[in-house]
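Chemist: Under our numbering, read the sequence shown as residues 1263 to 1394, first letter to last.
Positions of the beta carbon are idealized from the N, C-alpha and C atoms, including for glycine.
Can you read through this structure? Questions will come right after.
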Amino acid sequence: MLKLKIIIATLGVAGMITLLLGDTYLTTGLAVICTAVALPLSIHLAFRWAEGPHGILPRIFSVVWVLISGLMAVSVLQDIGITDIALSATIDPVRKVEGAGYYVSSTSLVSILLAVIVPRSPKCDNDSNDED
């Protein structure tokens, strides 16, 4: 669970840094993709902590959040026009902030906060004898 928390925080920070330092459509797209991956992972981590490792609810919500996060990322990428232009073209900073900045910053903030707030891994019984 600690590895998952580190991966989530790294993806969130990488998305924000890539958005801030990049000036092409490629870097903006990578920032959106990094945060789109970090959000469902952080939601899965929070539900797994709240419900335990064997609950069905975390799996259902994880699938739903993967779909929602993916659809939001595709919508943002279409809004900035990444599908109609070469990825090496320079993007207008105003268009980058209006199109992807709000999505990347809010999604990264939520995913990093959830990764930091979840305190520990859920308890599991590894000593059970199921060989009956």
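1. So, under 8 Å CB-CB, Glu-1313 and Pro-1302 are touching, yes? Tell me the CB distance rounded to an integer number of Å.
2. Helix, strand or coil, according to DSSP, for Thr-1286 in the structure here?
3. When you compare only the Cα positions, how much space is there between Thr-1290 and Asp-1346?
4. So, does the stretch 1357 to 1370 touch the stretch 1279 to 1298, judging by three or more C-beta pairs under 8 Å?
5. Give every residue of the same chain whose Cβ lies closer than 7 Å to the Cβ of Leu-1266, excluding the five residues on either side of it in the sequence, and list them in chain order.
6. Where does Thr-1352 fall in DSSP's three states?
Modeler: Short version:
1. That belief does not hold up - the Cβ atoms of Glu-1313 and Pro-1302 are roughly 16 Å apart, past 8 Å.
2. The DSSP-derived three-state label of Thr-1286 is strand.
3. For Thr-1290 and Asp-1346, the distance between alpha carbons rounds to 14 Å.
4. Here the stretch 1357 to 1370 lies against the stretch 1279 to 1298, with 3 or more beta-carbon pairs under 8 Å apart.
5. These residues qualify, in order along the chain: Leu-1303 and Leu-1307.
6. Shown here, Thr-1352 sits in a strand according to DSSP, grouped into three states.
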